[in-house]
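So the sequences go chain by chain: A and B.
Counting in my numbering, the first sequence runs from 6 upward without gaps.
Counting in my numbering, the second sequence runs from 6 upward without gaps.
Note that beta-carbon positions come from the ideal geometry of N, C-alpha and C, so glycine has one too.
2 protein chains.
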Amino acid sequence: MTLPHGEVQTPCFMPVGTQGTVRALSPNDLRAAGASLVLANTYHLHVRPGEDVVGRLGGLHRFMGWDRPLLTDSGGFQVFSLEGSRTVSDDGVEFQSHVDGSRRFLTPERAVDIQWALGADVAMAFDHVVPGGADLTSARDALERTLKWLERCARRHRELSDGRTGGQAVNNGGADRPTAGPPDRQTLWPILQGGAHQALRLEALDRVLAIGSWTGLAVGGLSVGEPKAVMYETLEQLEPRLPPAVPRYLMGVGFPEDLVAAVARGVDLFDCVAPTRNGRNGAAYTADGPLNIRNAAHRDDPRPLDPTCDCETCTTFSRGYLRHLFAAEELLGLRLLSLHNVRYLIRLTAELRAAIQGGAGDYARWAAEWRRRYTQGETT
Amino acid sequence: MTLPHGEVQTPCFMPVGTQGTVRALSPNDLRAAGASLVLANTYHLHVRPGEDVVGRLGGLHRFMGWDRPLLTDSGGFQVFSLEGSRTVSDDGVEFQSHVDGSRRFLTPERAVDIQWALGADVAMAFDHVVPGGADLTSARDALERTLKWLERCARRHRELSDGRTGGQAVNNGGADRPTAGPPDRQTLWPILQGGAHQALRLEALDRVLAIGSWTGLAVGGLSVGEPKAVMYETLEQLEPRLPPAVPRYLMGVGFPEDLVAAVARGVDLFDCVAPTRNGRNGAAYTADGPLNIRNAAHRDDPRPLDPTCDCETCTTFSRGYLRHLFAAEELLGLRLLSLHNVRYLIRLTAELRAAIQGGAGDYARWAAEWRRRYTQGETT
């Protein structure tokens, strides 16, 4: 897939840079880990430092020192996670900033304007996300709203792309086309909702495809508390009906085993905070399954975290040293495990890419062997 | 100066890796910053993870992934900082570990053994440090103890170097010479004490020089609460009497202005936690004086921290972005400011090296100009 800031090979894992930085990692670390696409968060950057500040500092790529492609999620997921401090109407969502408590109002148009000002390569449509256990009525209601909002997002994005408006958030000095804004090649992707209700999911797909022609399609509202079987079933149902040439992005997923399972079901793109969040907690992915570096078993262990890994952490440091960093609460430990976990997932996507070349049968055999080693390895 | 793991040009600033890691920085960061010598802490590494663990993991260089020279301080300063939880006798110091509360006993021999097991290029003698305001009696008492301990350290270090003992702490498999230990070229440096009492300082020097022939001499017990004039006077008094070819190490110093003042007074080596500690607090050194990146003035500022600096932080990121990282409590900010501050001091030592080539008069002019800019620049 080609984006304004470069090529992205799929399957692809996107490290999450919520606040314009992938926690504990620098752009050089991300390049060394092989990251080709990084996700940042519209809601978080809007409330702090504000898209106006990012715009004045040259846009998000320049702001965070990342010259490869960027995707911004729309803020829908974050806003709907603010239980109790938000009010939803058909127009948009009023919510309270988690930073300073100020009241903010996010609409589909506003979410698109902000992402335009940030200058992401891929902007996501503003959607209404429901919890995994939402009943049919709530899921239907949220889907209808998401579809209406998608039309408004698409209209606004077209206006911005056509230069018919500079956008509220873009300081364009009065010119017809935004000057500090992103290249007009920014693309907008819709998000398929429908909760755990398969009929709604299929309807969502049909109606999203009827609204426009898209360069990517995201599946949202999964991995939000529903049983894993629901996720697999949803993906299996959607897979044969998705336009074949369009990248499919499974939002907020996932763990290594989720990537292996989802690629078998046609998914191309993933994002998840787990590699960095778990890394900061001392949990590392390895070919032989996850391990926690805080465990006393690693005290004198001269081996790398994962002998199959080529990252800076694994080629430089022993498990014993990494355990010491965590025991001594040293910042370097947080970074080294985060770096390893991101590199692990990016290496895994490269293996998945090779494995799917052989077709479904070969992939299934490869995945079974991968799973055997991952689940039956040492797990200290 | 040539050490087992490489050459060190002076004046030299040593970043401090108290627990076997320079806080928030990796060995690659330190190499990129131009560090040639790193300090680690005997006391801290003894209580956690223990020199036996470090030894089993290949010694301190391999443990922390640092292939250039290492200096370990002796633990004296740390042990004497544990007010109330230590008991001093002529034999050594009994103290309570700050990690697990266990009782430990550190003697001159033990301090040398530990540093031998760690495998530092330079080991420091175990000394009795008194606070800056210590009266003549206490300072005299501590000096006498320090001198007796120096003889014991030197004897022990000679035994280890001659292979007459593997040292308590070295797991040498019963062989005569330690196998997992450091190269026998580890060198031991004495520490000159005497508090703020100039006569004691001169006596300390004479008696230290009478005890042995040294490859380096440290001045300890300064920058511990005494007026800055005392430090300058001590250095000025000692300077003409110090052996000219032997590197002079001013322990625990310092700030940029301290380096400029101390090099004029003959000092070659420095260590200080300030660049990393201050960096973690958002304080950055610049050619125009220190600034605090948390200040609102930096919010939209596209300039680097220090336009004269070549570090990754200054060549990649704006002040506005760095301020955002601190406002959002992102880990990357701690690292980027630590990296810049370390690079700043190492660049400063390179400038000092060039400036002293011209002789005292040229140096004084250079220093005056440096000071003018550093103290009269912007200080937001």
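Length of the line joining the Cα atoms of residue i and residue j
| i | j | result |
| --- | --- | --- |
| A/D315 | A/L155 | 42 Å |
| B/D311 | A/F68 | 17 Å |
| A/R352 | B/G168 | 48 Å |
| A/G124 | A/R73 | 12 Å |
| B/F131 | B/L30 | 28 Å |
| B/W375 | B/L240 | 21 Å |
| B/N177 | B/L62 | Since pLDDT at B/N177 reaches only 36, below the 50 mark, its modelled position is unreliable, and no value is offered. |
| B/Y408 | A/G70 | Here chain B covers residues 6 to 385 and nothing more, so residue 408 of chain B does not appear. |
| A/G89 | A/Q101 | 10 Å |
| B/L330 | B/L336 | 8 Å |
| B/R370 | B/R308 | 29 Å |
| B/A204 | A/F322 | 48 Å |
| B/G325 | B/L296 | 13 Å |
| B/E99 | B/R108 | 7 Å |
| B/Y368 | B/Q362 | 8 Å |
| A/G137 | A/E208 | 18 Å |
| A/P16 | A/D273 | 4 Å |
| B/R212 | B/H51 | 30 Å |
| B/R377 | B/A292 | 10 Å |
| B/G55 | B/G64 | 11 Å |
| B/A234 | B/R285 | 29 Å |
| A/A373 | A/Y290 | 18 Å |
| A/Q14 | A/S41 | 8 Å |
| A/E5 | A/G200 | Because chain A here runs from 6 to 385, residue 5 of chain A falls outside it and cannot be looked at. |
| B/R150 | B/D95 | 7 Å |
| B/D78 | B/E334 | 32 Å |
| B/R432 | A/G294 | The requested residue 432 of chain B does not occur in the structure, where chain B is confined to residues 6 to 385. |
| B/W219 | B/T92 | 30 Å |
| A/Q381 | A/P232 | 23 Å |
| A/P248 | A/L222 | 9 Å |
| A/M19 | A/L76 | 9 Å |
Partners in chain A for residue i, counting only beta-carbon separations shorter than 7 Å
| i | result |
| --- | --- |
| B/S31 | L337 |
| B/G137 | Near B/G137 there are no residues of chain A at all, since even the closest Cβ is about 29 Å away, more than 7 Å. |
Contact set between residue i and chain B, taken where Cβ atoms lie within less than 7 Å
| i | result |
| --- | --- |
| A/T26 | L330, E335, L337 |
Residue i: contacting residues in chain A (beta-carbon distance under 8 Å)
| i | result |
| --- | --- |
| B/E317 | S31, N33 |
Chain B residues whose Cβ lies nearer than 9 Å to that of residue i
| i | result |
| --- | --- |
| A/T321 | S31, P32, N33, G70 |
| A/G325 | P54, V58, V59, R61, L62, F68 |
### Complete alpha helix (DSSP H) runs within the segment 223-290 of chain B (minimum length 4 residues, chain order)
233-243, 261-269, 279-285
### Query
Quick check: the segment 241-258 of chain A against the segment 223-230 of chain A, are there 3 or more CB pairs under 8 Å?
Contact between the segment 241-258 of chain A and the segment 223-230 of chain A is present, because at least three Cβ pairs lie under 8 Å.
### Query
Do the segment 110-126 of chain B and the segment 148-167 of chain B meet, that is, are 3 or more Cβ pairs less than 8 Å apart?
yes
#### Entry: Positions along the segment 296-316 of chain A whose CB lies within less than 8 Å of some CB in chain B
For the segment 296-316 of chain A, residues whose beta-carbon sits nearer than 8 Å to a beta-carbon of chain B comprise R304, D305, P307.
#### Entry: Positions along the segment 94-111 of chain B whose CB lies within less than 7 Å of some CB in chain A
Residues passing the 7 Å Cβ filter: none.
### Message
Taking beta-carbon pairs under 7 Å, can you tell me which members of the segment 45-62 of chain B lie near chain A?
### Response
R53, P54, V58, R61, L62
### Query
Are three or more beta carbon pairs between the segment 259-274 of chain A and the segment 349-366 of chain A nearer than 8 Å?
Result yes; three or more Cβ-Cβ pairs closer than 8 Å.
### Query
Do three or more CB pairs link the segment 191-199 of chain B to the segment 129-149 of chain B at distances below 8 Å?
yes
### Query
Just checking, does the segment 336-347 of chain B make contact with the segment 74-85 of chain A on the three C-beta pairs under 8 Å criterion?
no
### Message
Does the structure place the segment 38-51 of chain A close enough to the segment 297-310 of chain A that three or more beta carbon pairs sit under 8 Å?
### Response
Between the segment 297-310 of chain A and the segment 38-51 of chain A there are fewer than three C-beta pairs closer than 8 Å, too few to call the two in contact.
### Inside the segment 299-348 of chain A only - alpha helix (DSSP H) runs reaching at least 4 residues
317-321, 324-332
#### Entry: Cβ contact check for the segment 21-29 of chain B and the segment 273-284 of chain B: 3 or more pairs under 8 Å
yes
### Query
Could you give the uninterrupted runs of the beta strand (DSSP E) lying entirely in the segment 130-155 of chain A, keeping only those of 3 residues or more?
none
### Message
List, from N- to C-terminal side, the alpha helix (DSSP H) runs of 4 residues or more that fit wholly inside the segment 46-79 of chain A.
### Response
47-52, 56-61, 65-69
### Unbroken stretches of the beta strand (DSSP E), 3 residues or longer, contained in the segment 6-31 of chain B
17-19
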